[in-house]
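Undergrad:
There are 2 protein chains.
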Amino acid sequence: MKQSQLFTHTLKESPRDEVSLNAQLLIKAGYIYKEMAGVYSFLPLGLKVLNKIEKIIREEMDDIGGIEMRTSVFQNQEVWQKSNRWDDSVVDNWFKTKLKNGTEVGLSFTNEEAYANILKQYINSYKDLPAYPYDFKTIFRNEARSKSGIFRGREFYWKALYSFSKDEEEHYEFYDKAKEAYRKIFQRVGVGDLTYLTFASGGSFSKFSHEFQTLTKAGEDTIYIDEKKGIAVNKEVYTDEVLKSLKLDKNNLVERKAVEVGNIFSLGTKFSAPFNLKYVKPDGKEDLVVMGSYGIGLGRLMGTIVEVLADDQGIIWPKSVAPFQVHLIDLRTKRDDKIYQILQKQGFEVLYDDRKISAGIKLKDADLMGMPYRLVQSDKLGDKLELKRRGSKEINLYSEKEIIKVLQE
Amino acid sequence: MKQSQLFTHTLKESPRDEVSLNAQLLIKAGYIYKEMAGVYSFLPLGLKVLNKIEKIIREEMDDIGGIEMRTSVFQNQEVWQKSNRWDDSVVDNWFKTKLKNGTEVGLSFTNEEAYANILKQYINSYKDLPAYPYDFKTIFRNEARSKSGIFRGREFYWKALYSFSKDEEEHYEFYDKAKEAYRKIFQRVGVGDLTYLTFASGGSFSKFSHEFQTLTKAGEDTIYIDEKKGIAVNKEVYTDEVLKSLKLDKNNLVERKAVEVGNIFSLGTKFSAPFNLKYVKPDGKEDLVVMGSYGIGLGRLMGTIVEVLADDQGIIWPKSVAPFQVHLIDLRTKRDDKIYQILQKQGFEVLYDDRKISAGIKLKDADLMGMPYRLVQSDKLGDKLELKRRGSKEINLYSEKEIIKVLQE
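Protein chains in written order, with our numbering: chain U, 42 to 450; chain F, 42 to 450.
(1) Going by DSSP in three states, Thr49 (chain U) sits in which element: helix, strand or coil?
(2) Closest by CA to Gln254 (chain U), which one among U:Val274, U:Leu66, U:Gly244, U:Lys269?
(3) Counting only runs of 3+ residues fully inside the segment 197 to 254 of chain U, write out the beta strand (DSSP E) ranges in chain order.
(4) Since Val60 (chain F) meets chain U, which of its residues come closer than 7 Å, beta carbon to beta carbon?
(5) List, in chain order, every chain F residue whose beta-carbon is nearer than 8 Å to that of Thr179 (chain U).
(6) What are the start and end residues of the alpha helix (DSSP H) that includes Lys93 (chain U)?
(7) Just curious, the alpha helix (DSSP H) that Met410 (chain F) is in, first and last residue?
(8) Would you mind reading off the limits of the alpha helix (DSSP H) that contains Ala64 (chain F)?
(9) Quickly, what does DSSP pair Phe309 (chain U) with across the bridge? List them, please.
(10) In terms of alpha-carbon separation, which member of F:Ile159, F:Thr280, F:Met110 lies closest to Val120 (chain F)?
(11) For the segment 114 to 143 of chain F, enumerate the residues whose C-beta is nearer than 7 Å to any C-beta of chain U, in chain order.
(12) Contact between the segment 175 to 190 of chain F and the segment 108 to 115 of chain F is defined here as three or more beta-carbon pairs at a separation below 8 Å; is this criterion met?
(13) Please name the residue in F:Asp262, F:Ala172, F:Ser313 whose C-alpha comes closest to that of Glu296 (chain F).
(14) Would you kindly report the start and end of the unbroken beta strand (DSSP E) that includes Gly147 (chain U)?
(15) Just list the residues that DSSP pairs Pro174 (chain F) with in beta bridges.
(16) With a 10 Å radius around its C-beta and 16 neighbouring C-beta atoms as the bar for buried, classify Asp217 (chain U) as buried or exposed.
(17) Which residue from U:Gln118, U:Gly309, U:Val283 puts its Cα closest to that of Glu211 (chain U)?
(18) Just verifying my parser: in three-state terms, what is the DSSP assignment at Arg195 (chain U)?
(19) Flag this pair as touching only if the segment 389 to 398 of chain F and the segment 417 to 429 of chain F have three or more C-beta atom pairs under 8 Å; answer yes or no.
(20) Measuring CA to CA, which of U:Phe150, U:Gly344, U:Pro413, U:Gly388 is closest to Lys434 (chain U)?
(21) Near Met110 (chain F), which residues of its chain fall below 6 Å by C-beta distance, leaving aside the five closest residues on each side in sequence?
(22) Assuming Val7 (chain F) and Leu170 (chain F) make a contact with CB atoms under 8 Å, what is their CB distance in whole Å?
(23) Give the DSSP-derived three-state secondary structure of Glu76 (chain F) in the structure shown.
(24) Apart from the five residues just before and just after Arg126 (chain U), which ones in its own chain have a Cβ nearer than 7 Å to its Cβ?
(25) Of the residues that make up the segment 316 to 336 of chain F, which ones have a beta carbon closer than 7 Å to any beta carbon in chain U?
(26) Confirm, please, whether the CB-CB distance from Ile108 (chain F) to Leu318 (chain F) is below 8 Å.
(27) Identify whether Gln418 (chain U) lies in helix, strand or coil by the three-state DSSP scheme.
(28) So if DSSP puts Asn437 (chain F) in a beta bridge, which residue, or which two residues, is it bridged to?
(29) Determine the DSSP secondary structure at Leu166 (chain U), reduced to helix, strand or coil.
(30) Sort F:Asn63, F:Leu91, F:Ser307, F:Gln366 by Cα distance to Ser206 (chain F) and report the nearest one.
(31) Among all the DSSP beta bridges, which residues are the ones paired with Val274 (chain U)?
(32) Counting only beta-carbon atoms, is Ile94 (chain F) nearer than 8 Å to chain U?
(33) Determine the chain F residues that contact His50 (chain U) at a beta-carbon separation under 7 Å, and present them in chain order.
(34) Which of the three DSSP states is assigned to Ile337 (chain U) in this structure?
(35) What does a CB cutoff of less than 8 Å around Gly79 (chain F) pick up in its chain, not counting 5 residues either side in sequence?
(36) Given 8 Å as the limit, is there contact between the segment 367 to 386 of chain F and the segment 342 to 351 of chain F, that is, 3 or more CB pairs closer than that?
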């Protein structure tokens, strides 16, 4: 894409009330627009990143048998009354609104009920199980405070998968697969090495849930990490008893702040029971379906990538989620788009800065915007191209022929 | 996909309160789930269709210079007060909700204000124009009645593009391109021959807007068509004066019911003025940006395809939007997925009915679900495969080798 055709540009300042680093950088670099606290629009560059994260998650969910669908935002109160989660005294972060006839409807804050209710219509026999439907969808939560940028939105975009299994055994078989899929996702988007599988509070049906926590000072959670074992414990379950059951030694644990980028949860029959979601077994008897939930907030993950990888100059995108792989900066007095066209033809995603502004602004913009490779064309360099990996200080010169090979590595 | 792995199945009945043909068929065939009047969830098959429609629209929008982004659902009242469209006495189909601190926020019912407000931050000079940002997004409208299935939802998924141009000339140049892009879209999704460019009421800044109306008895609009000229006039502007200005002869017009599947609208400075959305011209003077809007409801378009193409047996999908091209029905006593695998490898999208149920149900399901090609394997046929185009009565037998060529045509 030619940068002159992109209507967004970098800003000197982010809004005064924006205190989080992730949103400050994303706003200044032209990725998101702040509509109000906890509500952001995704500008073209931001949507590109979001779409890349979505694609990676989709591939991993499909790979473990997930089937994508899309549940509605508006939620029927009758459905939520079944599980006793309609009332504001039970769930205090609902957003609700009213139809013309006065009927109250809720805005999705999670999906357990919607899925249990829909699957009730389709699950009858053991032959219909297991089922692993999932959703990418905008979710709404009425947070009292919303100061963490896209870490904790009032409106946010997430993926939620629900597993419907015949029994605990089948459930945990999938649960473990999901755990691995999540590891792959965080690895692929570039925060794997900073992300720990973390034991957190369970619920009526399991001792623990599992969170994926990425280390960052901006995180709202406190976790205790065993670096050798590569696992962690959330402060909320950090007791001697728990440590003992997990065979962890207090002396080997370090306390760190982290942000929860994903969680997986065994729900047992908590939701299948109120919806009477049963199936007929081969022997003709009935049993309740065993459920699990598997969530990732895509905006939060995008914010986390920014927060943990950025430097003083701006954003540093991993190749896998960068809106463009190459930022081609043309500083020549006489310009042509020859190299841009060649790279495009070779299949590279290129943002071509063809704007008629100063070299200083262009180079500063490139650092702020964070594409993995900065490629400079200038009169001083002649036919050579200057390549710099974002985040590295090393600068190398290559010929037109060489550059393609180097970028393909 | 193996049908045994799809948790949805066909239903004998749709909900009693569902009176529209499009939703009745889509519910019975397992494409959508009715959450409440005017609110539907998209099941896996339904989402596949929606995604294919989305891809076609995206390609055509990108082709005329569109740049995709994603505005938030939650809308800030301060923004809408600028154009005087916040108050319920002005716009009577807002859904609104409240933040914890009591602040009212609106749920997007359209996007003019959100875009004008965002672009205000980025448009300064004539060099920044034109700009053609667009959105795929869930939109909410508080309809008093909602009985038309996915024709008129309280919650629906749409595409909206807004054009920002320097002057009327640049505006109409794009407007005409958009018209052609819309024609292509309706042609590609299979309803082009039934869809008429229709003159409808304009506004303060243009005599007419243009609607794309698809003929169907289920439509809520009445239009008058000149079949030779291939254009129509909406009843709302059907006056002698208008006919004269369009050089149409009343005697050549036929009255028909139709559904509006798309509309394009010249907005002039209606929204740029209240947002003071100006740009500096080459001569240093300032001028207001000229806007246009270009909308398509994807759910409505999906419903229209169902409504106008279906027969007594069920849905008939055009190849371009069908969730699968081929419905492979295995009626053999001894089954293997050899043909399924071969077709998949050849790149065909195949739904393989491997379920152990009666032949009658399978064939009836295939008709209801509406994939373009039904391919039957049965013991009677030996090595031959029986091919039937959905909607045609013709049945032909082919060998394994022949079938790939036939399907590729």
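Beta carbons: idealized from backbone N, C-alpha and C, even for Gly.
TA: According to the data block:
(1) coil
(2) U:Val274
(3) Within the segment 197 to 254 of chain U, the complete beta strand (DSSP E) runs of at least 3 residues are 236 to 244.
(4) By Cβ distance, chain U contributes nothing, its closest Cβ being about 17 Å from Val60 (chain F), past 7 Å.
(5) Val114, Thr179
(6) 85 to 104
(7) First-last of the alpha helix (DSSP H) with Met410 (chain F): 400 to 410.
(8) 62 to 69
(9) In the sequence under discussion, the amino acid at residue 309 (chain U) is Gly, which differs from the Phe named in the question. According to DSSP, Gly309 (chain U) bridges with U:Met332.
(10) F:Ile159
(11) So the list reads Val114, Phe115, Asn117, Phe136, Lys137, Thr138, Leu140, Lys141, given in the order they occur along the chain.
(12) yes
(13) F:Asp262
(14) 145 to 148
(15) In DSSP, Pro174 (chain F) forms a bridge with F:Ile108.
(16) exposed
(17) U:Gly309
(18) coil
(19) no
(20) U:Pro413
(21) Pro174
(22) Absent from the model: residue 7 (chain F). The displayed extent of chain F is 42 to 450, so no value can be given.
(23) strand
(24) Val132, Glu154
(25) none
(26) no
(27) strand
(28) F:Leu428
(29) Note on residue identity: the sequence assigns Ser, not Leu, to residue 166 (chain U). In the structure shown, Ser166 (chain U) sits in a strand (DSSP, three-state: E or B).
(30) Ranking the options by Cα distance to Ser206 (chain F), first place goes to F:Ser307.
(31) U:Phe240, U:Tyr265
(32) no
(33) Tyr163
(34) strand
(35) Glu184, Ser187, Arg193, Gly194, Arg195, Glu196
(36) no
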